[in-house]
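*Asks:*
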Ligand SMILES: C[S@@+](CC[C@H](N)C(=O)[O-])C[C@H]1O[C@@H](n2cnc3c(N)ncnc32)[C@H](O)[C@@H]1O
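Following this line, the structure appears as structure tokens:
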């Protein structure tokens, strides 16, 4: 059973597919790790399907997300442990072996719509973009106002796959200092022209900065390396990614594991949402799920 609709601040992507892949069950000492617990949707389903004794550890870098997860998962009592931590530090956590590990990467709808941290180009907010606002890492504002133009161009090209990164970087540098999302959108629009079509011209720039601020790609690589070590034999890891940079990392890590006979790839091709899911939840449109099983 899914949590009641009116309590859902974020609609979980590929929920049935993740549950099917991770095979939660009760009475066998099942243990699961949700590295991006967010609003707790995937965690809820895994706990419910592993009644009465399945255990789940949930991580999130964002303290607000953990508060939500705490409420959503309250009814499972001591079967749940929530930890505020970046999954890039998974290797340091000394967790017990797991039957199932899930990553649902990126942002939740709450972070986009109401975090006040500048993740969305549709709001006027300060340019923070840290998943963990208590961390000491640089904010988007600091990067935008201090990186040399060439470095900014590299960030936009590599992490945003922005083909006109140089023009955007030039506009940003010309308009410094930038403090709010609206100023960044204005710089991108000055470089690339106004919004036309379905994809807003600032999408790539915002993605690039968020990835840089949170070291998202490095964190994912470190987390996958730790995850394969944590899995029990026949335990499974499921990763939902939302853009090609993440998906490429997952695909190559899985291939590397298969070549070393550490794991079997369960999804030859990534699982994508059904037409129904993609039309009812626009966030799901770019989602790709890959699953591997520990040998
Ligand atoms: C898409 S949401 C997860 C939603 C969740 N699966 C659900 O069904 O409600 C992604 C979450 O991962 C968290 N996150 C992203 N990168 C992270 C990282 N490196 N370490 C820990 N949490 C991270 C975000 O703060 C966000 O809450």
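Residue numbers (the working numbering): 62 to 356.
C-beta atoms are modelled at their ideal positions from N, C-alpha and C, and glycine is treated no differently.
If you reduce the DSSP assignment to three classes, tell me which class residue 282 lands in.
*Replies:* In the structure shown, residue 282 falls within a helical segment according to DSSP collapsed to helix, strand and coil.
*Asks:* Select from 311, 327, 355 and 339 the residue whose C-alpha is nearest the C-alpha of residue 166.
*Replies:* 311
*Asks:* Does DSSP classify residue 259 as helix, strand or coil?
*Replies:* For residue 259, the three-state secondary structure derived from DSSP is coil.
*Asks:* Just mark residue 65 as buried or exposed, buried being the case when its beta carbon has 16 or more other beta carbons within 10 Å.
*Replies:* Residue placement at residue 65 cannot be trusted, given a pLDDT of 46 that sits under 50; what the coordinates show is reported in the next sentence. That one is exposed.
*Asks:* Span of the beta strand (DSSP E) holding residue 145?
*Replies:* From DSSP, the beta strand (DSSP E) with residue 145 extends over 141–145.
*Asks:* Rounded to a whole number of angstroms, what is the C-alpha to C-alpha distance between residue 63 and residue 248?
*Replies:* With a pLDDT of only 48 at residue 63, under 50, the local geometry of the prediction cannot be trusted, and the value read off the model is given with reservation. Using only the alpha carbons, I get a separation of about 42 Å.
*Asks:* Name the DSSP beta bridge partners of residue 355, please?
*Replies:* According to DSSP, which records beta bridges pairwise, residue 355 is partnered with 324.
*Asks:* For a test of the three-state rule: what should DSSP assign to residue 124, helix, strand or coil?
*Replies:* helix
*Asks:* Tell me which residues share the same chain as residue 119 and place their Cβ nearer than 6 Å to its Cβ, disregarding the 5 neighbours each side in the sequence.
*Replies:* 95, 98, 104, 130 and 143
*Asks:* Would you mind reading off the limits of the beta strand (DSSP E) that contains residue 99?
*Replies:* First-last for residue 99: undefined, no H or E at that position.
*Asks:* Between which residues of its own chain and residue 80 is the CB-CB distance below 7 Å, once the five residues before and five after are set aside?
*Replies:* 106, 107 and 110
*Asks:* Could you compute how far the alpha carbon of residue 337 sits from the alpha carbon of residue 226?
*Replies:* 35 Å
*Asks:* If you run the structure through DSSP and keep just helix, strand and coil, what is residue 332?
*Replies:* In the structure shown, residue 332 sits in a strand (DSSP, three-state: E or B).
*Asks:* Tell me where the alpha helix (DSSP H) around residue 174 begins and ends.
*Replies:* 170–175
*Asks:* What does the Cβ neighbour count give for residue 349, buried or exposed, with the cut at 16 atoms within 10 Å?
*Replies:* buried
*Asks:* Assuming residue 234 is part of the alpha helix (DSSP H), what are its boundary residues?
*Replies:* Residue 234 -> alpha helix (DSSP H) spans 226–236.
*Asks:* Let me make sure I understand the geometry here. Which of 263, 258 and 259 has the alpha-carbon closest to that of residue 251?
*Replies:* 263
*Asks:* For residue 195, count neighbouring C-beta atoms within 10 Å of its own C-beta (all shown protein chains included) and say buried if the count is 16 or more, exposed if not.
*Replies:* exposed
*Asks:* I need the straight-line Cα distance from residue 93 to residue 315, nearest angstrom please.
*Replies:* 19 Å
*Asks:* Assuming residue 187 and residue 261 form a contact by the criterion Cβ under 8 Å, report the distance between their Cβ atoms to the nearest whole angstrom.
*Replies:* With 8 Å as the limit, residue 187 and residue 261 do not qualify as a contact, their Cβ atoms being about 20 Å apart.
*Asks:* As a quick exercise: from 150, 138, 271 and 121, pick the residue whose alpha carbon is nearest that of residue 287.
*Replies:* 150
*Asks:* Mind checking who residue 165 pairs with in its DSSP beta bridge?
*Replies:* 301
*Asks:* Go ahead and pull the three-state DSSP assignment for residue 250.
*Replies:* In this structure, residue 250 counts as helix in the three-state DSSP scheme.
*Asks:* Is residue 275 a contact residue of ligand 1, with contact defined as CB to any heavy atom under 8 Å?
*Replies:* yes
*Asks:* What would DSSP say about residue 266, mapped onto helix, strand or coil?
*Replies:* helix
*Asks:* Sorry if obvious, but does the Cβ on residue 101 come closer than 8 Å to a heavy atom of ligand 1?
*Replies:* yes
*Asks:* If we call anything under 9 Å between Cβ atoms a contact, is residue 114 one with residue 87?
*Replies:* yes
*Asks:* How is residue 160 classed by DSSP in three states: helix, strand or coil?
*Replies:* strand
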